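Okay, structure first, notes after.
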Amino acid sequence: MPQNAQKLDRQVAVTIDDLPAGMADRLPAADITAMTTKLLGTLRDQKVPVVGFVNEKKLYKLGEVDERIKALQMWLDYGFELGNHTFSHASLNQVGLKAWEDDVIQGESVIRLLMAPHKMKLRYFRHPYLDTGRDLLTRRQAEEFLVERGYRIAPITLDGWDWAFAGIYEDARKRNDTALEQQIVKDYLAYHDAVFAYSEQLSVKVAGYEPKQILLLHASNLEADHIGELLDVLRKRGYRFITLQDALSDAVYSLPDTYVGEEGTGWLDHWAISQGKIPQGAPVFPQWVIERSKQLNLSTGQVSAETQ
Ligand SMILES: [Zn+2]
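Each number in this note's numbering comes from the position in the sequence shown (counting from 1) with 747 added on.
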């Protein structure tokens, strides 16, 4: 038992991508505001520090620009921080380096405007799709560019693909199919728990210990309605919630990382692959969620699914 007690001081920073909402194109501004209010209320009540990563393109819907910007402003008013996730969610693996750099720059204007009165500096960047480049030269040039613009890259180590659950949840919610909603939430929580366990083990294999982890989530009604239960899953595993800045102080984030690939992935995979280790035994994503997404014409690949 003492051994167990020792184990239970785990730390995690929560990050939320695709602000103001992952499905911003499909949601009216009023729904985005309601979703944001609910999500931020839970996070504030539970004193969970969060950095939210923005795609400013999602603000530009005619007649809704002010309200969408206000939803973003709420993150700062509630005491959270914003980071850049590029203007249009462009993949470094799909567009050229120059086009991607332009997308980074274009993604700064409104966030900077909103952060200035809060005396906050835009300092974090998250790669769309976690795509960090298909070759090492591009990867390093992009990193140099980000550093020159004053960014710290925000890696992730915990990722339960909440965006995939969020798509089918949105549909069930609209149709008031509460039975399906409950099934989705049950599997969303169970899959995340399994991913956390797997990632803790992979951490020990690549780093020799469990570092301060960084969790990737997405702004959605699924998170707005159920993030409290997900935070409980983390607490049960012994986690407490820390800032991204605190997490990034962990030496793990300077481990050698030469990962390149067509598909973006988390940093535990980066480090494992850089060490010549092949990550094995990852939990299997629930097939029915993939099937259901296909039925709804929601894309199942991370690349296209995140676009919406
Ligand atoms: Zn994203």
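By construction, the Cβ of each residue, glycine as well, lies at the ideal position given by its N, Cα and C atoms.
Bear in mind the structure is a predicted one, so any value in this text is a computation, not a measurement.
beta-carbon residue i near ligand 1 non-hydrogen atom, thresh 6 Å
i     : result
D764  : yes
P864  : no
P775  : no
P1059 : Only positions 748 to 1055 of the chain appear in the structure, and residue 1059 is not among them; the question remains open.
As assigned by DSSP and simplified to three states, the class of residue i
i     : result
R757  : strand
H874  : coil
V1007 : coil
G788  : helix
V801  : strand
G914  : helix
E828  : strand
R899  : strand
S1040 : helix
T780  : helix
D765  : strand
D906  : strand
Y807  : coil
A818  : helix
I1025 : coil
Test item: CB-CB of residue i and residue j under 7 Å
i     : j     : result
V798  : Y871  : yes
W910  : G1008 : no
L1043 : D918  : yes
A913  : M782  : no
L962  : Y916  : no
E803  : G880  : no
L787  : M821  : yes
R873  : F827  : no
S838  : P875  : yes
D993  : S1021 : no
V907  : Y945  : Going by the sequence as given, residue 907 is Gly instead of Val. Not closer than 7 Å, so no.
V942  : P1026 : no
Report the residue ranges of all beta strand (DSSP E) runs contained in full by the segment 956–1007; include only those spanning at least 3 residues, in chain order. 960–965, 986–989
| message | So within the segment 931–960, which uninterrupted alpha helix (DSSP H) runs reach at least 4 residues, ignoring any that extend past its ends? | response | none
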